[in-house]
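**Student:** All you need for our numbering is the position in the sequence shown, starting with 1, plus 91. C-beta: ideal position from N, C-alpha, C; glycine also. Remember, predicted model here, so these are calculated numbers, not experimental data.
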Amino acid sequence: MLMMHNKVGFSLLEMAIVLLVVGILMAAGLGALNVQISQRRWNETQQMLRAANEALIGFALSNNRLPCPADPSLANTAANAGKEARNGAGANAYRCSLVFGDLPWQDLGLPELDAWGGRLQYQVTTSTTGGAGSSYANDLAGRDDAGTPNCGSSAMKPCFTLATLGKIAVYSASRRDGQAVSAIKRIDDAAAVVFSGGPNGVGSSADELENRDAIADGSTPRFVQDAPDAEFDDLLTWLPTTILYYRLVSAERLP
């Protein structure tokens, strides 16, 4: 008598289908996770930029000036990493040695790196020239040659005045795929700019290179801020001169 046996388990085809479905579900889950991680990093870096703006104002309230940029060539183990870069000798000892570099995170009490592991970069309205007795009235980061943070008779007053204007311009996107597009000037007298290189760090698009080079439009350093896309992923904020002065006037440091 023939005995009939029921099939037990999965066939190879059924197993392949199961594995395919599991793979699709895992891929979808990983994709959603990557989106969440990416968004979290964007949010964290945006918060860092806002904190940097507040720290710059706090520094100005404490020191009657904005800080100089830090030297971007220094490793974080170097003694002066994350600290203001000043000339340090001669008639211009207290001038900034850089107008564009890293945000001086040590002096500001901020983290060194953004959420993608890159340093925040920084440009300030300042001057790297001029000796003893020269005017610092247009220098938002200057100190006089005696090393004091004021240029007048009062130790509680900044070098600059309410008539001093920032010299940094910020535009919307200026180029895409090598083609010129309409650019909107967002501000042309910012006191300082802070930005992150975003996920790709030092990018290669025209607008990202413009931020790296701080390309000048005449005598005005020019930066680009725009929504992220396949070519551009920098995050940028700026400190308006009006906000800086409002905070200094409120603290009775100006006029």
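#1: Beta-carbon separation of D205 and E175 under 8 angstroms?
#2: List in chain order: all unbroken alpha helix (DSSP H) runs of 4+ residues lying wholly within the region 164–220.
#3: Suppose the cutoff is 7 angstroms on Cβ atoms and the five residues either side in sequence are ignored; what does the same chain contact list for A232 look like?
#4: Between which two residues does the beta strand (DSSP E) containing R277 stretch?
#5: Using CA atoms only, rank isn't needed, just tell me which of F191, A169, L104 and V113 is closest to K258.
#6: Who does A161 pair with in a DSSP beta bridge?
#7: What is the DSSP secondary structure of A342, counted as helix, strand or coil?
#8: Alpha carbon to alpha carbon, how far is W207 from T168? Give it in angstroms, no decimals.
#9: Can you give me the start and stop residues for the beta strand (DSSP E) that T328 sits inside?
#10: For K162 versus L201, is the C-beta distance shorter than 8 angstroms?
**Tutor:** Answer, in terms of the structure:
#1: no
#2: 196–199
#3: R156, L157, P158, C159, C187, V215 and T217
#4: K276 to S287
#5: F191
#6: E175 and D193
#7: Here A342 sits in coil by DSSP.
#8: A direct Cα-Cα distance of roughly 20 angstroms separates T168 from W207.
#9: L326 to P331
#10: In the sequence on display, residue 162 carries Asp and not Lys. Against a cut-off of 8 angstroms, the Cβ pair of L201 and D162 comes out as no contact.
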